[in-house]
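Novice:
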Amino acid sequence: MTKVSIDTLLSTEQALHRYNLLAKKAKETEDFALNEFISESAEIVESLQTGRPVERRELKYFLEDINNHWEENI
């Protein structure tokens, strides 16, 4: 079992909430970049929501991407 810091857990939880809000917005708009990000991120989001292991580097990139899309769209 890999230990994860509380900061990483909280950042991941926040990112999942943001992903869900961005996914809702993506359905309402025709923003190609946002729709592509939502589609490409679906697998990691599913893994995070179901507790399947995710590589640290993959999680790091997801957190960075979600923050960038959040700043651009909200």
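At position 45 of the sequence shown the residue is numbered 44 (numbering that gives the first Met the number 0), and the sequence of numbers has no breaks. Beta carbons: idealized from backbone N, C-alpha and C, even for Gly.
Taking the alpha-carbon positions, what's the residue 14 to residue 35 distance?
Specialist: As a working mapping, residue 14 is identified with position 15 in the sequence shown. As a working mapping, residue 35 is identified with position 36 in the sequence shown. In a straight line, the C-alpha of residue 14 is about 17 Å away from that of residue 35.
Novice: Quick one: Cα of residue 8 to Cα of residue 29, how far?
Specialist: What you label residue 8 is simply residue 9 of the sequence shown in a count that begins at 1. What you label residue 29 is simply residue 30 of the sequence shown in a count that begins at 1. Approximately 31 Å between the Cα atoms of the pair.
Novice: State buried or exposed for residue 16, treating a residue as buried only when at least 16 other CB atoms are found within 10 Å of its CB.
Specialist: Sequence index remark: in the sequence shown, residue 16 carries index 17 (1-based). By the 10 Å Cβ count, residue 16 comes out exposed.
Novice: Going by other Cβ atoms of all chains shown within 10 Å of its Cβ, with 16 needed for buried, is residue 41 buried or exposed?
Specialist: Here residue 41 is taken as the residue at index 42 of the sequence shown, counted from 1. Per the 10 Å Cβ criterion, exposed.
Novice: Helix or strand or just coil, what does DSSP make of residue 51?
Specialist: Walking along the sequence shown from the start, residue 51 turns up at place 52. It is coil, neither helix nor strand.
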